[in-house]
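Per full-length UniProt numbering, the very first residue in the sequence shown carries number 1; after that it's consecutive.
Glycine residues also receive a C-beta, built at the ideal position from the N, C-alpha and C atoms.
Computed from a predicted model, the values in this text were never measured in an experiment.
Working notes, structure below.
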Amino acid sequence: MYRPVIASQRASLPLWMIALIVFGVLAVLGVTIGLLVHFLAIENKIYYYQGNFKVKDIPYNSNYEKETSEETTALSKMIETQMIDAFQASRIHNQYINSQVTKLFPSSDGVTIDIWLMFKSSPGRKADMRRKIGSILDHMLRNNSASLTSDPSSLKLTETSKVHAERTVNNCCGRRAKTSSAYDRIKGGSAAQEGEWPWQASLKVRGRHYCGASLISNRWLVTAAHCFKEHKNISDWTVSFGTVVNPAYMKNKIRDYIVHENYNPRAHHDDIAVVLLAEPVSFTNNVHRVCLPEATQNFLPGSDVVVTGWGALAKDGPFPKSLQKAPVKIIDTEICNSKDSYDGLVLDTMVCAGYIEGHIDACQGDSGGPLVHPNSRNIWFLVGIVSWGDDCGKKNKPGVYTRVTSYRPWIASKTGI
């Protein structure tokens, strides 16, 4: 016998109960996500360390006290390479972020090396991480006898705060937080990131950007002499930093400026000036000084350099809102003095940079700004000061810059730096 199929009836839940269930599920999901984010944040916490050790059997040399000397660069590079190799080959290579030599202290029996390190770790493993870092450094010092005679027993290592660690690095010159008309002259460049060129300054006349400049200490800037050709009243001038000229960041007034005594505006001779700020600058990740080269330092033709500024994007073109950077190359002075180029106008106190084919160059508004080069430690040196040129990015007419090494004694005589 067939029986009819009777549809079953299911009682539906009240709306308030459905809402309560949905709310409960969302609450649990939210707490779970929150705990996960919190866990990941803790896992990625960054810790900073500072330390020092002694390298023996290095004859006393006062040049090790100079942060930009060849001796300091060579020894620091050797130690930094050893640290990178040691940590990257270790079991904590995934936690390793950075390590640097920050200062050298020469003495009669060797050189003390100050170091700075950055690692990521969970708080629960902090003590274990510090022990492992110390063990790796100790092993490195005991096994580098082929290149240096180190004293492992002299090793000291302590955790430090982020504020203290950043202050230590920012007090060093040439480090970056982010690991480019004839006068008043970036064409072909791109926007810079915050902290990428922390020494770049904007010199303003009555609040408007007029020239670039480079921070060389917490009180002094270096720029082009021709920036002060038409505006000599100190009260008209202000200075700001950062990647935008407006609104002004870390605005400062000028106490004084000194133009080179032999500056010749017609022939572009000695186009250099130094500027004394009214108040000292507090160094940060985004604002600190560039390195000045030694007078004997040589930057060869073909070397990679970068020019930065807020100058026009083309001749008589618009001005950018953000700082621009332009990678260029140093050009042999003989090429720049050829008949097709500047026909003998480029002196040995000047340096050409750009490309003979043109396109990338400084432009109006970049005057006084920096042309910089990184050394083997990725520390940046001021090679030139934007001075003059024919047009912007024109073929056979690269930018001409004041050669900083030629004026190193003059800068020292005026600033004490």
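Next item on the list: Could you pull the start and end residues of the beta strand (DSSP E) that Trp380 belongs to?
Entry: 380-388
Next item on the list: Enumerate in chain order the residues of its own chain whose CB-to-CB distance from Lys162 is below 7 Å, with the five nearest sequence positions on each side excluded.
Entry: Around Lys162: Tyr48.
Next item on the list: Would you give the residue range spanned by the beta strand (DSSP E) that His373 belongs to?
Entry: 370-374
Item checked: C-alpha distance - Glu67 paired with Val307, whole-angstrom precision -> 23 Å
Next item on the list: Determine the burial state of Leu300: buried for a count of at least 16 other Cβ atoms within 10 Å of its Cβ, exposed for fewer.
Entry: exposed
Notebook entry, point to check: With 16 other CB atoms within 10 Å as the buried threshold, where does Asp270 fall?
Noted result: buried
Checklist line | Residue environment, Ser135, which counts as buried when at least 16 other CB atoms sit within 10 Å | finding: exposed
Next item on the list: Go ahead and label residue 440 buried or exposed: buried means 16 or more other beta carbons lie within 10 angstroms of its beta carbon, across all protein chains shown.
Entry: Lying before the first or after the last residue shown, residue 440 is absent from the chain, which here runs from 1 to 417.
Item checked: Residue range of the unbroken alpha helix (DSSP H) whose run includes residue 418 -> Residue 418 is absent from the model: the chain starts at 1 and stops at 417.
Checklist line | Backbone CA spacing between Met140 and Ala201 [nearest angstrom] | finding: If you take the alpha carbons of Met140 and Ala201, they lie about 41 Å apart.
Checklist line | Neighbourhood of Ser69 by C-beta distance below 7 Å, restricted to the same chain and skipping five residues each side | finding: Asn63, Glu294
Note to self: If you follow the beta strand (DSSP E) that Ala326 is in, where does it begin and where does it stop?
What the structure shows: 324-331
Next item on the list: Rounded to whole angstroms, what's the CA-CA distance from Trp197 to Arg142? Just pull it up for me.
Entry: 38 Å
Check: What first and last residue would you give for the alpha helix (DSSP H) that runs through Lys170?
Finding: This sequence places Asn at residue 170; Lys is not what is there. Here the alpha helix (DSSP H) through Asn170 covers 162-170.
Check: Would a C-beta distance cut-off of 8 Å place Lys56 and Asp109 closer than the cut-off?
Finding: yes
Checklist line | Phe53, enclosing beta strand (DSSP E) - first and last residue | finding: 46-56
Note to self: If you measure between the beta carbons of Leu137 and Leu155, is that distance less than 8 Å?
What the structure shows: yes
Check: Which residue comes first and which comes last in the alpha helix (DSSP H) that contains residue 423?
Finding: In the structure as shown, the chain starts at 1 and stops at 417, and residue 423 therefore has no counterpart that could be examined.
Check: Shortest alpha-carbon distance to Leu117 belongs to which of Val305, Asn98, Ser107?
Finding: Asn98
Check: Is it buried or exposed for His209, if we count other Cβ within 10 angstroms and need 16 for buried?
Finding: buried
Next item on the list: Determine the direct distance from the alpha carbon of Leu382 to that of Val351, and round the result to whole angstroms.
Entry: 12 Å
Notebook entry, point to check: Quick one: what does DSSP say Thr405 is sitting in, helix, strand or coil?
Noted result: In the structure shown, Thr405 sits in a helix (DSSP, three-state: H, G or I).
Check: With respect to the beta strand (DSSP E) encompassing Lys253, which residues constitute its N-terminal and C-terminal limits?
Finding: 249-259
Item checked: One or two residues paired with Ala273 in a DSSP bridge -> Thr223, Val259
Check: Going by C-alpha distance, which of Thr223, Asn264, Leu203 is nearest Ser235?
Finding: Leu203
Margin query: Is it buried or exposed, Ile360, if we count other Cβ atoms within 10 angstroms and call 16 or more buried?
Written below: buried
Notebook entry, point to check: By the 10 Å Cβ neighbour count, where 16 or more other Cβ atoms means buried, how is Ser367 classified, buried or exposed?
Noted result: buried
Check: For Thr243, which of helix, strand or coil comes out of DSSP?
Finding: In the three-state scheme derived from DSSP, where H, G and I count as helix and E and B as strand, Thr243 is classed as coil.
Checklist line | Minimum C-alpha distance to Leu276 - residue among Asp256, Asn286, Leu292, Ile46 | finding: Checked all of Asp256, Asn286, Leu292, Ile46; the closest Cα to Leu276 is Asp256.
Next item on the list: Consult DSSP for Asp348 and reduce its assignment to one of helix, strand or coil.
Entry: coil
Notebook entry, point to check: Should the stretch 392-401 be regarded as contacting the stretch 77-92, the criterion being three or more beta carbon pairs within less than 8 Å?
Noted result: no
Item checked: Span separating the alpha-carbon of Arg289 from that of Asp128 -> Cα to Cα, the separation comes out at about 36 Å.
Checklist line | Residue closest to Ser387, alpha-carbon to alpha-carbon, out of Ser376, Leu323, Met78, Tyr263 | finding: Tyr263
Check: Just to confirm, are Asn218 and Pro265 a CB contact at a threshold of 8 Å?
Finding: No, they are not a contact pair.
Notebook entry, point to check: Near His260, which residues of its chain fall below 7 Å by C-beta distance, leaving aside the five closest residues on each side in sequence?
Noted result: Ala225, Asp270, Ile272, Ala273, Trp410
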